[in-house]
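In the numbering used here, the protein residues as written are 953 to 1121.
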């Protein structure tokens, strides 16, 4: 990757963060039957990557709606709505909002509505549908017990939520 002009004096090399766009296009080509695509970003400053991802999704899956959520979409809602290219932008906790969107815009019946404040009530992912997994992600907690001035966690989770340790082990 060519070094940005403002960093020419620094003795470093730079490379692109994330997967190559062509690799992403190839992966999307195997999902032409998608009904909807959900995109998220954990950091607000990654928004250029979010824009690029949505642009590629629109290119590869024309007509498939894109729902954008996460930290960037929530904290910079107006910016995301105006500039991201997403069909829908979800602010804050998305569990119930996304279900509502699917019901309203895709005539889907809601068969399970999660209690957002009870992590133990959330179902575990259907790992049995995967061919091979080396790691198992699981939500053990949401939020944070602290309220640091530089962190947005308290804007998303009014409380620190924890799953019962006996249901995780």
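We put the beta carbon where it would ideally sit given N, CA and C, even for glycine. Model, not experiment: these values are computed from the prediction.
- Residue 1019 carries a strand assignment under DSSP once its states are collapsed to helix, strand and coil.
- Residue 1028 and residue 1077 have their C-alpha atoms roughly 29 Å apart.
- Contact annotation, residue 988 with residue 1058: C-beta distance approximately 7 Å; criterion of less than 8 Å satisfied.
- Residue 1064 carries a coil assignment under DSSP once its states are collapsed to helix, strand and coil.
- Under the three-state reduction of DSSP, residue 1079 is assigned to helix.
- Inclusion of residue 1071 and residue 1013 in the CB contact set at 7 Å is not warranted, their separation being larger than that value.
- Secondary structure of residue 992 (DSSP, three-state): strand.
- Cβ atoms of residue 1090 and residue 1041 stay farther apart than 8 Å, at about 27 Å.
- Burial state of residue 1025 is buried, judged by a 10 Å Cβ sphere holding 16 or more other Cβ atoms.
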